[in-house]
Amino acid sequence: DMRRIAGEGEHTAEKLREAKEEREGLYKEGQRLMQEKQGLETVIKQLRKQLKEKEEGMMQLQEDDSTNKAVIEKLRAELDEAGVSSNTTAETMQQIRGMSHETAKKLQEREREKNHLLQKVATLESTVKSLSQERDG
71 DMRRIAGEGE
81 HTAEKLREAK
91 EEREGLYKEG
101 QRLMQEKQGL
111 ETVIKQLRKQ
121 LKEKEEGMMQ
131 LQEDDSTNKA
141 VIEKLRAELD
151 EAGVSSNTTA
161 ETMQQIRGMS
171 HETAKKLQER
181 EREKNHLLQK
191 VATLESTVKS
201 LSQERDG
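In the working numbering, each number is its position in the sequence shown, counted from 1, plus 70.
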């Protein structure tokens, strides 16, 4: 009878050791997942900052483009009023349009960069969500 009780005690002690090891393993895995999640959240924060800067840059380019268009119209009116030859006016207008075109190209490039950053943020947020579910699940 004592041997049976001792055997059961030994079996119980082994089960407790296994449970403790499993709990420690789960704790370490949880710690690793938290660190990974925090790292990704930092990256997301940085990407959001970059995105905000891109959006501000785009707004500035849009304002510049509007200003350029207003200046073009004003110059056209002033040149016409001053009676400057149409060739000179056309050349000047062409140069100004070229500058406006460059602004538009920059704006499109910023838009592409912004969309790329948005996609990156979405991917990383999805990864963070998965890590949170993995940790909590």
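We put the beta carbon where it would ideally sit given N, CA and C, even for glycine.
Cβ neighbour criterion (16 or more within 10 Å) applied to residue i
{"i": "residue 173", "result": "buried"}
{"i": "residue 86", "result": "exposed"}
{"i": "residue 180", "result": "buried"}
{"i": "residue 144", "result": "exposed"}
Rounded separation between residue i and residue j - CA only
{"i": "residue 50", "j": "residue 130", "result": "The first residue shown for the chain is 71 and the last is 207, placing residue 50 beyond what the model contains."}
{"i": "residue 128", "j": "residue 117", "result": "16 angstroms"}
{"i": "residue 53", "j": "residue 90", "result": "Nothing in the structure corresponds to residue 53, since the chain is present only between 71 and 207."}
{"i": "residue 138", "j": "residue 164", "result": "13 angstroms"}
{"i": "residue 182", "j": "residue 189", "result": "11 angstroms"}
{"i": "residue 82", "j": "residue 93", "result": "16 angstroms"}
{"i": "residue 102", "j": "residue 84", "result": "27 angstroms"}
{"i": "residue 109", "j": "residue 125", "result": "24 angstroms"}
{"i": "residue 152", "j": "residue 140", "result": "18 angstroms"}
Inter-residue CB distance, residue i and residue j (contact presumed, cutoff 8 angstroms)
{"i": "residue 198", "j": "residue 107", "result": "5 angstroms"}
{"i": "residue 114", "j": "residue 201", "result": "The Cβ separation is near 12 angstroms, so there is no contact."}
{"i": "residue 176", "j": "residue 121", "result": "That belief does not hold up - the Cβ atoms of residue 176 and residue 121 are roughly 17 angstroms apart, past 8 angstroms."}
{"i": "residue 104", "j": "residue 167", "result": "In fact, because the Cβ distance is near 56 angstroms, the residues do not count as touching under 8 angstroms."}
Beta carbon proximity, residue i to chain C, threshold 8 angstroms
{"i": "residue 145", "result": "Chain labels in this structure do not include chain C; a single protein chain is all it has."}
Reduced DSSP category for residue i - H, G, I as helix; E, B as strand; rest coil
{"i": "residue 135", "result": "helix"}
{"i": "residue 109", "result": "helix"}
{"i": "residue 207", "result": "coil"}
{"i": "residue 153", "result": "coil"}
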